[in-house]
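K.L.:
Please see the structure below; I have some questions.
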Amino acid sequence: KAMQRVLALHILNHLWTSRNRIRKHNKKIQELEDNEETGIQSETFRDQGFTRPTVLVLLPTRGVCHEFVHGILELMGEGANVANMDRFEEEYGPPPTEENESE
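Written out as structure tokens, the structure is:
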């Protein structure tokens, strides 16, 4: 459990570092566009996109994954904005009990 927490903190450090870098690059790109300077190519600031994952965590089971993600969210605090959390809970959460299935 303690090792998972350390790993989660390490992952969050990578995510926040990457996020800060992207914000700085976006600001520089906007400044270049505003000043209409053409000397620097946009390739210099390529740090975003769906093909550039920041962190990949492979876990043995869905239950462990569910627990790990909730641990990360706990570390992030109440202000964490998570997309598709309902879908994640449905696919990785505990299976429904018989009481919930009959309703």
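Per the numbering used here, the very first residue in the sequence shown carries number 40; after that it's consecutive.
Ideal placement from N, C-alpha and C gives every residue a C-beta, glycine not left out.
Evaluate the contact criterion for the region 100-112 versus the region 120-131: three or more CB pairs, one atom per stretch, below 8 Å.
P.N.:
Yes, since at least three Cβ pairs between the region 100-112 and the region 120-131 fall closer than 8 Å, the two stretches touch.
K.L.:
Considering only the alpha carbon of each residue, which of Q69, E106, E117, T93 lies closest to A41?
P.N.:
As a first step, residue 41 must be located in the sequence shown, where it is residue number 2. Per the Cα distances, E106.
K.L.:
E59: which of T93, P99, F127 sits nearest, CA to CA?
P.N.:
Within the sequence shown, numbered from 1, the residue matching residue 59 stands at position 20. It is Asn, not Glu, that sits at residue 59 in the sequence shown. The shortest Cα separation from N59 among T93, P99, F127 belongs to T93.
K.L.:
Can you list, in chain order, the residues of its chain whose CB lies under 6 Å from that of E128, leaving out five sequence neighbours each side?
P.N.:
Taking the sequence shown and counting its residues from 1, the one referred to as residue 128 is at position 89. The answer is none, since no qualifying residue turns up.
K.L.:
What distance in whole Å lies between the Cβ atoms of C104 and L98, which are believed to be in contact at a cut-off of 8 Å?
P.N.:
Taking the first residue of the sequence shown as 1, we reach residue 98 at position 59. Taking the first residue of the sequence shown as 1, we reach residue 104 at position 65. With a Cβ gap of about 5 Å, L98 and C104 count as contacting.
K.L.:
Looking at M42 and the ligand ZN, is the gap between the Cβ and the nearest heavy atom below 7 Å?
P.N.:
Among the components of this structure there are no ligands whatsoever, and the ligand ZN is therefore not found.
K.L.:
What is the rounded straight-line gap between the Cα of L51 and the Cα of D73?
P.N.:
Taking the sequence shown and counting its residues from 1, one reaches residue 51 at position 12. Taking the sequence shown and counting its residues from 1, one reaches residue 73 at position 34. Spanning the two alpha carbons is a distance of roughly 33 Å.
K.L.:
Quick one: does P135 have its CB under 8 Å from some CB of chain B?
P.N.:
Here there is only one protein chain, and chain B is not present.
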